[in-house]
Amino acid sequence: MALTIETGAGVSGADSYITATECDSFATSFYGAALSGTTADKEAALRRAFRFMDSLPWLGCQVYPYGQAWPRYGLWNLLPTVIPQAVKDAQAIFARAELQENGCLQPQVTLANQKVLVQADTLQWQVVGGAGVAASRATVTAALDRLKPFLAGADGQIMRG
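Numbering that gives the first Met the number 0 puts the first residue of the sequence shown at 0, with every later residue one more than the last.
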């Protein structure tokens, strides 16, 4: 099924900010090669990246009630009909991560019945990683760095690069 591209006009049913061709073009420019996989694989990864981006703490307010994060109003020097190039680039980066590891942006984690070895004779184990879904989710810093001007911090503060 072909992608429905959000252009800034409030496209109902949109499921991407960029096409698979644009995603490949970005990958070629920044990573030296187009993404592997079929067009259907790339479009599925773009859809997952699009939905993941909806969950981010964006500044401003949604222009349209369709549920997608962009377009937005209330942002400095940005018309409410514009999808910033940084947002499109970030979707391409997130989609690349999803193609490399399906589900990495929205992992399914079972938190029950976890066990940690505390002591075995003289050996002891200490948990060094975090617990929960956030600790299991991939952090795609290349994409998040591009989005910093548009994201609110975890405590509601504006993120600065």
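All residues carry an ideal CB built from backbone N, CA and C; glycine is no exception.
In chain order, what residues of the same chain have a beta carbon less than 6 Å from the beta carbon of residue i, not counting five sequence neighbours either side?
| i | result |
| --- | --- |
| alanine 19 | Thr38, Lys41 and Glu42 |
| leucine 146 | Ala89 |
| alanine 68 | Met52, Asp53 and Trp57 |
What residue from the options has the CA that sits closest to residue i's CA?
| i | options | result |
| --- | --- | --- |
| glutamate 97 | Pro56, Phe49 and Gln67 | Phe49 |
| tyrosine 72 | Gly59, Ala89 and Ile92 | Gly59 |
| glutamine 99 | Thr6, Leu45, Val62 and Gln107 | Leu45 |
| methionine 0 | Asp14, Gly7 and Val10 | Asp14 |
| valine 139 | Ala32, Gly9 and Gln105 | Gln105 |
| arginine 47 | Ala141, Leu150 and Arg95 | Arg95 |
| valine 10 | Trp57, Trp75 and Gly66 | Gly66 |
| tyrosine 16 | Pro70, Pro64 and Leu55 | Pro70 |
| isoleucine 4 | Gly102, Pro56, Val81 and Asn76 | Val81 |
Does the beta-carbon of residue i have 16 or more other beta-carbons within 10 angstroms, so that it is buried, or is it exposed?
| i | result |
| --- | --- |
| aspartate 53 | exposed |
| valine 86 | buried |
| leucine 2 | buried |
| alanine 8 | exposed |
So residue i and residue j are in contact, right, with Cβ under 8 Å, and what is the actual spacing, rounded?
| i | j | result |
| --- | --- | --- |
| phenylalanine 93 | phenylalanine 51 | 6 Å |
| proline 79 | valine 62 | 5 Å |
Excluding the 5 residues preceding and the 5 following residue i in the sequence, name in chain order all residues of the same chain whose CB lies nearer than 8 Å to its CB.
| i | result |
| --- | --- |
| alanine 32 | Ala26 |
| glycine 160 | Note that glycine 160 has pLDDT 45, beneath the 50 cutoff, so the model's placement of it is unreliable and no number is given. |
| leucine 74 | Leu58, Gly59 and Phe149 |
| glycine 36 | Ala44 and Leu98 |
| leucine 55 | Ala68, Leu146 and Leu150 |
Near residue i, what residues of its chain come up, given a Cβ to Cβ distance below 7 Å and the 5 sequence neighbours on each side ignored?
| i | result |
| --- | --- |
| leucine 34 | Cys22, Asp23, Ala26, Lys41, Arg95 and Leu98 |
| glycine 12 | Thr3 |
Can you give, in chain order, each stretch of the alpha helix (DSSP H) that sits fully within the segment 19 to 89 and has at least 4 residues?
Segments of the alpha helix (DSSP H) lying fully in the segment 19 to 89: 19 to 30 and 38 to 53.
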